[in-house]
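Enquirer:
Protein chains: 2
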Amino acid sequence: MKKPRLIVFDVNETLLDLSAMKSAINTAAGEPGAFENWFRTLLQFAMAESLSGPYRDFGEIGKHTLEMTFQNLGKDLHREEADQLLGHISALPPHPEVPAALKKLKESGYRMVTLTNGGLRTHKQQMQHARLEEYFDVFYSVEAVKKFKPHPETYNYVLQSEGYKPSETMLVAAHAWDILGAQRAGCKTGFLKREGKVLYPGGIYPDMVTETLDALVYQLTT
Amino acid sequence: MKKPRLIVFDVNETLLDLSAMKSAINTAAGEPGAFENWFRTLLQFAMAESLSGPYRDFGEIGKHTLEMTFQNLGKDLHREEADQLLGHISALPPHPEVPAALKKLKESGYRMVTLTNGGLRTHKQQMQHARLEEYFDVFYSVEAVKKFKPHPETYNYVLQSEGYKPSETMLVAAHAWDILGAQRAGCKTGFLKREGKVLYPGGIYPDMVTETLDALVYQLTT
């Protein structure tokens, strides 16, 4: 593979570790699968919103779907508790190998940006809290195009803003649907097989598949 | 509410009972949440496919996502077993109250059609097996427009084919994202609050919400 010049990173689960948020939601719901159900429902409704009509902020869809998850379990969810649980999203730690891997990638001369389904303000808080700000040239949120990933406009927005061709660009993500969208926009892809994540057999096999970011960075820098 | 003239029914879970398929998949996977995970992943990838690019048959996405579900559990899924598990979809029973409720609705003069994300051939097998054929004027599948619900083209396809205005039409479904899409296409909506189904707080409250079809039909016929 000819190496890319621009690396676009997905954020939640890809760079940031949602374990603490997962425990908090599962404990509050009294159900070990609550976080997983919520996160899938959140993604489902983000896609449903972008398929069917106007844009709505990811945080708002997050709140609506958390309410659904609790309702489904027959549990009350008070506004303060919802805000407290969802507040975790701004204060997530990076996965342990991420800072050193990003540093190495940056030092080897790649242009590095993010692209998240989350709102830009929350995303900037995330990067600041996780102390990852210095490694990125630009932070991008889909709110600029008012469509969620994997809509092609979201990837095209980054490609056009950055002035790189799809073939010069690699999306790195832990979500198979994000990989599928980037492939369809013509980008190279790197799949991080984080715990519980599997590839979609309907997509092309990604250019790189590793379990952690440092293994992927090793391939990009040697 | 002014009563609608055309009733459009979603099929899987709304009219047909997936319990037997659920048990079969959970037993084969050795995991009580396997069916639920699969069905959510199936809907997620159907939406991701329609957001990001070309159309793929629902049955094919069903097979790919069942493979993902098993892989995630560290279980092998042989082709024959996948075919056998997915074959349940053509031979589902109706929910117990459905035949009598549809009969009553038909007798009161409503025009009744279906609209499913499934392929038309499979859908016709489903209706024949469940002995529900006689109650419907037309069976519609989204494969005609090559987009999955809740894309507006899917609802518009039925409205244009039938020649009814959105305000004369009610979609009946057990899925909140389907209700959201129909609302955005301007239709009236009836939500069947089947077991485990909850409304999306981001949508408008539906015109009718009942736990079973006969309760909804009662409101439409009195």
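Same order as they appear, the protein sequences are chains A and B.
Counting from 95, one number per residue, gives the positions in the first sequence under our numbering.
Counting from 95, one number per residue, gives the positions in the second sequence under our numbering.
Think of the CB as a built atom: it goes at the ideal place given N, C-alpha and C, for glycine as much as any other residue.
No experiment lies behind these values; they were computed from the predicted model shown.
1) My output table needs one value for Leu226 (chain B): the three-state DSSP class, helix, strand or coil.
2) Looking at the secondary structure, which residues open and close the beta strand (DSSP E) in which Thr316 (chain B) lies?
3) Whose CA, out of A:Asp111, A:Asp170, A:Glu125, lies closest to the CA of Met221 (chain A)?
4) In chain A, which residues lie less than 9 Å from Pro139 (chain B) when you measure between Cβ atoms?
5) Which residues does DSSP pair with Asn131 (chain B) in a beta bridge?
6) Counting only Cβ pairs nearer than 7 Å, list the residues of chain B close to Ile155 (chain A).
7) Would DSSP call Ser235 (chain A) helix, strand or coil?
8) Under 7 Å, Cβ to Cβ, is there at least one residue of chain A near Ser146 (chain B)?
9) Buried or exposed: Val232 (chain B), going by 16 or more other Cβ atoms within 10 Å of its Cβ?
10) Taking the Cβ atom as the reference point for each residue, do Arg278 (chain A) and Gly147 (chain B) lie within a distance shorter than 7 Å?
11) Anything in the region 164-190 of chain A with a Cβ closer than 7 Å to a Cβ of chain B? List those residues in chain order, please.
12) Does DSSP classify Met264 (chain B) as helix, strand or coil?
13) For Tyr229 (chain B), I'd like the list of residues in its chain whose CB is within less than 7 Å of its CB, leaving aside the five on either flank, ordered along the chain.
14) Which of the three DSSP states, helix, strand or coil, is assigned to Val105 (chain A)?
15) With Leu310 (chain B) and Leu286 (chain B) assumed to form a contact (beta carbons below 8 Å), what rounded beta-carbon distance in angstroms separates them?
16) Closest Cβ-Cβ distance between Met206 (chain B) and chain A: below 7 Å?
17) Where does Ile298 (chain A) land, buried or exposed, given buried means 16+ other C-beta within 10 angstroms?
18) With 16 as the cutoff for other CB atoms within 10 Å, does Ser235 (chain A) come out buried or exposed?
19) Using a C-beta cutoff of 7 Å, does Met162 (chain A) count as contacting chain B?
20) Using a Cβ-Cβ cut-off of 7 Å, state whether Pro244 (chain A) counts as contacting chain B.
21) Just the C-alpha distance for Pro246 (chain B) and Tyr312 (chain A), rounded to the nearest angstrom, thanks.
22) Can you check the region 180-210 of chain B for any alpha helix (DSSP H) of at least 4 residues that lies completely inside it and give the ranges in chain order?
23) Rounded to whole angstroms, what's the CA-CA distance from His223 (chain B) to Asp177 (chain B)? Just pull it up for me.
24) I need the straight-line Cα distance from Pro98 (chain B) to Leu109 (chain B), nearest angstrom please.
25) Considering only C-alpha positions, which residue in the set A:Thr315, A:Gly290, A:Glu227 is nearest to Phe129 (chain A)?
26) So with CB distances below 8 Å, who are the chain B contacts of Gly127 (chain A)?
27) Three or more C-beta pairs under 8 Å: does that hold for the region 152-169 of chain A against the region 251-258 of chain B?
28) Residues in the same chain with beta-carbon distance under 7 Å from Ala118 (chain B), minus the five sequence neighbours each way, listed in chain order, please.
29) Suppose you measure from the CA of Gly280 (chain A) to the CA of Leu293 (chain A); what does that come to, to the nearest Å?
30) Tell me whether Ser202 (chain A) is buried or exposed, calling it buried when 16 or more other Cβ atoms sit within 10 Å of its Cβ.
31) Which partner residues of Gly280 (chain A) appear in the DSSP bridge assignment?
32) Less than 6 Å between the CB of Ala279 (chain A) and some heavy atom of the ligand SAM, yes or no?
33) Taking the C-alpha atoms as reference points, what is the distance between Ala268 (chain B) and Pro300 (chain B)?
34) Check the Cβ of His158 (chain B) against every Cβ in chain A and list those closer than 7 Å, keeping chain order.
35) Going by C-alpha to C-alpha distance, which of B:Lys241, B:Glu305, B:Pro187 sits closest to Gly213 (chain B)?
36) With 16 other CB atoms within 10 Å as the buried threshold, where does Lys96 (chain B) fall?
Expert: Let me spell this out:
1) coil
2) Where Thr316 (chain B) is concerned, there is no enclosing beta strand (DSSP E), given that its DSSP letter is neither H nor E.
3) A:Asp111
4) Note that residue 139 (chain B) is Phe in the sequence shown here, rather than Pro. In chain order: Ala270, Trp271, Leu274, Tyr294, Gly296.
5) DSSP output for Asn131 (chain B) lists no bridge partner at all.
6) Gly296
7) strand
8) yes
9) exposed
10) yes
11) Gln165, Asn166
12) strand
13) Leu196, Lys197, Lys200, Met206
14) coil
15) 7 Å
16) no
17) exposed
18) buried
19) yes
20) yes
21) 45 Å
22) 192-201
23) 18 Å
24) 19 Å
25) A:Gly290
26) Gly127
27) no
28) Leu179, His182
29) 18 Å
30) exposed
31) Note: Gly280 (chain A) sits in no beta bridge, so no partner.
32) With respect to the ligand SAM, the structure shown offers nothing to examine, as it has no ligands at all.
33) 12 Å
34) Tyr294, Pro295, Gly296
35) B:Lys241
36) exposed
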